[in-house]
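Trainee:
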Amino acid sequence: MVSRRDFFMGAGALVGAGLVTRAGAASLPEAPVMSSAATQPPLAPPNGRPYNPVVTLNGWSLPWRMNNGVKEFHLVAEPVVRELAPGMKANLWGYNGQSPGPTIEVVEGDRVRIFVTNKLPEHTSIHWHGQRLPNGMDGVTGLTQPGIQPGKTFVYEFVARRPGTFMYHPHADEMTQMAMGMMGFWVTHPKNPGSMRVDRDFVFLLNNYDIDPGSYTPKVNTMLDFNLFTFNSRVFPGIDSMNVRQGDRVRIRVGNLTMTNHPIHLHGHEFVVAGTDGGWTPPASRWPEVTTDIAVGQMRAIEFDATDPGDWAFHCHKSHHTMNAMGHNVPTMIGVDQRGIVQKINKLVPDYMVMGERGMADMGEMEMPLPDNTLPMMGGQGPFGSVEMGGMFTVVKVRKDQKPGDYKDPGWYKHPAGTLAYEWKGETPQAARSDSAGGQSMPAEGRQGTIEMNVRKPSGHAGHH
Ligand SMILES: [Cu+2]
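Reading the sequence shown from the start, the letters are residues 425 to 889 in our numbering.
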């Protein structure tokens with residue numbers, strides 16, 4: 425008897441074979457669980473039509489069993505503990521041990537049967553976002569099916585008709601269940617494995633949480649003011665890098681199940697949007713970009729040639745989304761000398777924090793006393809010091825000597841001589857300044873000398889999205 429947890433003990437890669445051994449044709453397929461939040465190697469298909477598997481950032485793909493030509497998967501909706509980054513865990517809801525749930529990979533034309541067991545305290549359902557399927561398999565509680573009650577198992581079955589990038593999530597008490605992390609990725613590979621072929625194919629979801637510093641469970645009523653913006657329920661510096669070989673054609677597929685849009689930005693390379701929610705975009709409709717906005721509920725597949733070696737930042741361009749929880753709701757204190765005061769207040773109010781006197785960068789360096797289970801708002805040690813990032817930030821590492829199929833982290837990039845920004849060590853003359861005070865193009869009307877100003881004090885970080 426193999427327990428769900430034992431199944432993966434000691435296994436470096438996940439293997440679908442063996443799932444069939446114990447389960448007879450009329451029984452439920454095994455429901456493997458993943459206990460780690462680390463990126464797992466691609467799951468090579470042990471049977472069925474061949475395809476080029478994807479790599480889920482800080483995630484994994486779900487093995488299946490073949491049953492008379494039908495691919496059978498088993499998802500278990502359940503409470504999970506997810507490490508958001510080393511130093512912080514969250515009580516989430518997810519599937520098969522993690523949030524997000526495992527990626528499901530099938531091939532165009534496959535008949536797919538998914539068993540969904542509910543171990544949550546309330547009913548649920550799964551909607552297969554973006555798929556063409558019989559209406560009764562669409563997973564909308566109340567509209568196309570009754571909710572799956574706690575302890576019950578439902579079966580969904582359809583043919584994966586359209587190749588492309590999809591997601592799955594509940595359509596039952598959505599506000600709560602999505603705020604708790606219930607979602608997963610789905611890829612339907614093209615029937616011809618040579619079509620749309622790339623060398624590396626990464627996938628992840630954008631999600632967000634509102635977890636008070638010092639606590640473990642998301643506040644599910646939050647509509648907009650989230651404080652943790654995550655790639656696959658991970659925040660920087662807990663998000664793995666995407667490691668590729670120089671010259672690789674790289675695809676990164678992103679689905680957005682947060683409550684706002686995210687302009688996703690890649691450094692050092694231009695990409696094209698090769699796929700959207702509706703499928704592959706015709707080559708003539710693609711144009712080069714370095715940032716693409718991904719709206720709520722959308723999927724985007726970007727592609728680029730990894731021509732330039734280096735450690736290239738890849739992140740959401742909303743600066744508030746590259747910060748962790750402690751950065752929110754702190755008063756702006758630029759220009760205010762507050763030496764010693766925070767330490768004194770911290771004795772009374774453990775999560776009290778103010779912006780640094782010279783800006784927020786102080787916070788990345790400073791060893792602030794933090795409440796338990798709370799990440800600094802920005803940090804991550806790079807080869808040159810603190811990266812001063814959190815949230816939706818990671819790195820694409822392009823290396824000449826990364827072996828094909830090798831996803832290991834190659835370490836920090838070693839810059840060839842003459843290719844690194846450096847400090848000017850010569851004379852620094854006084855900068856020339858205009859002596860006309862103010863310097864506006866037209867003088868203020870009717871005012872000479874002193875100008876009266878009404879200054880409203882900045883009220884901090886809250887309320888911007
Ligand atoms: Cu964002």
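Backbone N, C-alpha and C define an ideal beta-carbon position, used for all residues, glycine too.
These figures come from a predicted structure and were not determined experimentally.
1) What are the complete beta strand (DSSP E) segments, minimum 3 residues, inside the stretch 665 to 704?
2) Is ARG446 buried or exposed, if buried means 16 or more other CB atoms sit within 10 Å of its CB?
3) At a cut-off of 7 angstroms, would you count LYS771 as near ligand 1, judging by its Cβ distance to the nearest heavy atom?
4) Which of helix, strand or coil does DSSP assign to GLN464?
5) So if DSSP puts VAL583 in a beta bridge, which residue, or which two residues, is it bridged to?
6) Taking HIS693 and THR731 to be in contact with their CB atoms under 8 angstroms, please state how far apart those CB atoms are, rounded to whole angstroms.
7) Can you list, in chain order, the residues of its chain with a C-beta nearer than 8 angstroms to that of ALA449? Leave out the 5 residues immediately preceding and following it.
8) With a Cβ-Cβ cutoff of 8 angstroms, do ILE718 and ASN748 count as a contact?
9) Alpha carbons only, please: which of ILE688, ARG624, TRP711 and MET801 is nearest the one belonging to GLN826?
10) Alpha carbon to alpha carbon, how far is LEU630 from PHE655?
11) Under 8 angstroms between the Cβ atoms of THR568 and PHE590?
12) State buried or exposed for THR715, treating a residue as buried only when at least 16 other CB atoms are found within 10 Å of its CB.
13) So the candidates are VAL697, TRP484, ALA509 and SER743; which of them puts its Cα closest to the Cα of GLN464?
14) Which of the three DSSP states, helix, strand or coil, is assigned to HIS744?
15) Any heavy atom of ligand 1 within a distance shorter than 7 angstroms of the CB on PHE653?
16) From the DSSP secondary-structure annotation, give me the bridge partner or partners of GLU713.
17) What does GLN805 pair with, by DSSP beta-bridge criteria?
18) Report back the beta-carbon spacing between MET602 and TYR592 to the nearest angstrom; my notes put them in contact at under 8 angstroms.
19) Considering only their Cβ atoms, is the gap separating LEU799 from ASP664 smaller than 8 angstroms?
20) With distance defined between alpha-carbon atoms, name the residue in PRO477, PRO466 and GLY521 nearest to SER460.
21) For GLU454 and LEU486, I'd like the C-alpha separation in whole angstroms.
22) Please work out which residues of its chain come closer than 7 angstroms, Cβ to Cβ, to ILE688, disregarding the five sequence neighbours upstream and downstream, and give them in chain order.
23) So if DSSP puts GLN555 in a beta bridge, which residue, or which two residues, is it bridged to?
24) Determine the DSSP secondary structure at LEU630, reduced to helix, strand or coil.
25) Buried or exposed for ALA441, going by 16 or more other Cβ atoms inside 10 Å?
26) Just the C-alpha distance for ARG506 and GLU851, rounded to the nearest angstrom, thanks.
27) Given that a residue counts as buried once 16 or more other Cβ atoms are within 10 Å of its Cβ, and exposed if not, what is PRO474?
28) Please check the pair TYR921 and GLY563, which I expect to be a contact at CB under 8 angstroms, by giving their CB distance rounded to whole angstroms.
29) Can you say whether ALA698 is buried or exposed, counting buried as having 16 or more other CB atoms within 10 angstroms of its CB?
30) Contact defined as beta carbons within less than 8 angstroms: I believe VAL622 pairs with ARG556. What is the distance between those atoms, to the nearest angstrom?
31) Taking 8 angstroms as the threshold (beta carbon to beta carbon), is TRP736 in contact with chain C?
32) Which of the three DSSP states is assigned to ALA708 in this structure?
33) Measuring CB to CB, does PHE695 end up less than 8 angstroms from THR818?
34) Is it right to say ARG675 is buried, meaning 16 or more other beta carbons lie within 10 angstroms of its own, or is it exposed?
35) Residues around ligand 1, please: the condition is that the C-beta lies closer than 5 angstroms to some non-hydrogen atom of it.
36) How would you call HIS595, buried or exposed, if buried means at least 16 neighbouring beta carbons within 10 angstroms?
Mentor: So, from the data block:
1) 666 to 669, 673 to 680, 686 to 690 and 696 to 700
2) Unreliable positioning characterises ARG446 in this predicted model, as indicated by a pLDDT of 42, which lies under 50. A coordinate reading is not provided.
3) no
4) In this structure, GLN464 counts as coil in the three-state DSSP scheme.
5) ARG535
6) Contact flag correct, Cβ pair sits at about 7 angstroms.
7) Unreliable placement is indicated for ALA449, whose pLDDT of 49 sits below 50; the coordinate value is still reported in the next sentence. The answer, listed in chain order, is ASN491 and ASN492.
8) When the beta-carbon positions are compared, ILE718 and ASN748 stay at least 8 angstroms from each other.
9) ARG624
10) 5 angstroms
11) no
12) exposed
13) Selected option, being the one with the closest Cα: TRP484.
14) helix
15) yes
16) PHE695
17) SER810
18) Rounded, the Cβ-Cβ distance is 11 angstroms, inconsistent with contact.
19) no
20) Ranking PRO477, PRO466 and GLY521 by Cα distance to SER460 puts GLY521 first.
21) The alpha-carbon of GLU454 is positioned some 11 angstroms away from that of LEU486.
22) VAL678, THR715, THR716, ILE718 and CYS740
23) For GLN555, which the question treats as bridged, DSSP gives no partner whatsoever.
24) strand
25) Bear in mind that the predicted position of ALA441 carries a pLDDT of just 38, short of 50, making it too unreliable to give a figure here.
26) 53 angstroms
27) exposed
28) The structure shown does not extend to residue 921, since the chain spans only 425 to 889, so no value can be given for it.
29) buried
30) Not quite, the Cβ-Cβ distance comes to about 24 angstroms (not below 8 angstroms), so this is no contact.
31) The question asks about chain C, but that chain is absent: this structure has only one protein chain.
32) helix
33) Taking 8 angstroms as the Cβ cut-off, PHE695 and THR818 do not qualify as a contacting pair.
34) Buried is the call here.
35) HIS686, CYS740, LYS742 and HIS745
36) HIS595 is buried by the Cβ-count criterion.
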